[in-house]
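Worksheet: the structure to be examined is printed underneath.
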Amino acid sequence: MLPPLGMLRAFEAAARLASFSRAADELHVTHAAVSHQIRLLEEWFGRPLFVREKRGVRLLPDAERLADALTSCFARIAAETDMLRASAKASITVACIPSIATRWLIPALNEFLEQHPDIDVKVIYALAEQRLRQTGCDVLITLGADASEGVQNDRLFSRANRPVASPRYIERKGALDTAEAIVTADLLHDETVTRWRDWFVKAGQPTTGPPRGPVFQDFNLLATAVIAGHGVALCPVEVFRREIDGGDLVVLSSVATLEDESYFLITRTTRGKGVAAFSAWFSAVVVRSVARYSNLR
713 MLPPLGMLRA FEAAARLASF SRAADELHVT HAAVSHQIRL LEEWFGRPLF VREKRGVRLL
773 PDAERLADAL TSCFARIAAE TDMLRASAKA SITVACIPSI ATRWLIPALN EFLEQHPDID
833 VKVIYALAEQ RLRQTGCDVL ITLGADASEG VQNDRLFSRA NRPVASPRYI ERKGALDTAE
893 AIVTADLLHD ETVTRWRDWF VKAGQPTTGP PRGPVFQDFN LLATAVIAGH GVALCPVEVF
953 RREIDGGDLV VLSSVATLED ESYFLITRTT RGKGVAAFSA WFSAVVVRSV ARYSNLR
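With the first letter of the sequence shown counted as 1, position 78 gets the number 790 in this note's numbering; the numbers rise by one all the way through.
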């Protein structure tokens, strides 16, 4: 027959630390509680286990083997417990294109981690043309749906492109509320000048030549330039929702291009616990933000 576990835990801690007080601190109980448990254990064995000294306690020789055995057993139990807890945690990898990662996912991610401490998340960049199976990830957030079999596409928001600029640039340049005014502005381009040319055609302000201005290979470089006040960029307004809400950027026109394209969250049709939780959370983040912006307009 074994003595109660509480007595053994108190005894092992006191023996290892050579102190009832330090054992009490480790076990988050009082000194009196440890002393009481040791006294009960000594009564159970019918013999003393420690020599009480002014500066602590010292194990009697006959009790040393028991202390060593308990320390080894408790260490093994702790290790097995940690392994079991770790195996119960879900782990997901999210591939996300840079524009959505930096402006939507990363700013909000801590909320998900606080709500789901049992789910580990790894975030990597995805290329715009990649599909879910090509990434080898659990979740893909990208432009356009994935037509592959066995995947689920959840639409997040539109890619509709409209002209945006920083308040500082507008103050310096003057009113930019017409296509005629915008065509005279410093235009910033994302990879190609053709998007601005298409926008001017739709706005009824065709240009005689290719629109001027610097071309940025990476969307985040373009975003940095427009927020810094270098000019006017043609950007998906939903991607810049936070900057627009915060007043860092102003939408200059209701005329839009690429309205038939959208961003999607893509997963396998069969979702595990972690993927299902993440997908529901991120979709809710988008819905909340879009609703808040709609109320401000």
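Ideal Cβ placement from N, Cα and C applies to all residues, glycine included. None of these values were measured; they are calculated from a predicted model.
- H901 sits away from F869, with the two beta carbons spaced by 8 angstroms or more.
- Beta-bridge pairing by DSSP links G886 to no other residue.
- Taken through DSSP and simplified to helix, strand or coil, H901 comes out as strand.
- Where Q749 is concerned, there is no enclosing beta strand (DSSP E), although the alpha helix (DSSP H) around it starts and stops at 743-757.
- Distance check between V997 and each of D930, A820, I812 places A820 closest, using alpha-carbon atoms only.
- Shortest Cα-Cα distance from D910 to any of A887, Y881, L946, L772 involves L946.
- With a beta-carbon spacing of about 18 angstroms, F952 and R867 fall beyond the 8 angstroms limit used to define contacts.
- With fewer than 16 other beta carbons inside 10 angstroms of its own, L825 counts as exposed.
- Counting only unbroken stretches of 4 or more residues, the alpha helix (DSSP H) elements lying wholly within the stretch 801-884 are 818-827, 844-847, in sequence order.
- The shortest C-alpha to C-alpha distance from G958 to any of I853, G856, S1001, E776 is the one to S1001.
- Beta-bridge annotation (DSSP): E765 is paired with G768.
- When secondary structure is reduced to three states using DSSP, L782 falls in the helix class.
- Distances from the CA of S974 to each of I882, D898, A807, I812 were compared; the closest alpha carbon is that of I812.
- Sequence-distant Cβ neighbours of H828 in its own chain, meaning closer than 6 angstroms and more than five residues away, are A989.
- If you draw a straight line from the Cα of A722 to the Cα of A779, it is about 11 angstroms long.
- Nearest to R884 by C-alpha distance, out of T890, D898, R871, is D898.
- Annotated as proximal: N873 and P948, with beta-carbon spacing under 8 angstroms.
- In this structure, the CA atom of G856 is about 15 angstroms from the CA atom of T969.
- The C-beta of Y881 has 16 or more other C-beta atoms within 10 Å across all chains shown, which makes the residue buried.
- Fewer than three pairs of CB atoms, one per stretch, sit closer than 8 angstroms, so the stretch 748-765 makes no contact with the stretch 803-812.
- The residue among K834, V913, G862, V833 with its C-alpha nearest the C-alpha of R843 is G862.
- When secondary structure is reduced to three states using DSSP, V963 falls in the strand class.
- Between the stretch 845-854 and the stretch 978-986 there are three or more C-beta pairs closer than 8 angstroms, enough to call the two in contact.
- As DSSP reads the structure, L946 sits in a beta bridge with P875.
- Two segments are said to touch when three or more pairs of C-beta atoms, one from each, lie closer than 8 angstroms; by this definition the stretch 773-793 does not touch the stretch 729-736.
- By the 16-neighbour rule on beta-carbons within 10 angstroms, T847 is buried.
- Within the model, the alpha-carbon separation for V835 versus T805 is close to 6 angstroms.
- In the DSSP assignment, F976 falls within the unbroken beta strand (DSSP E) covering 974-980.
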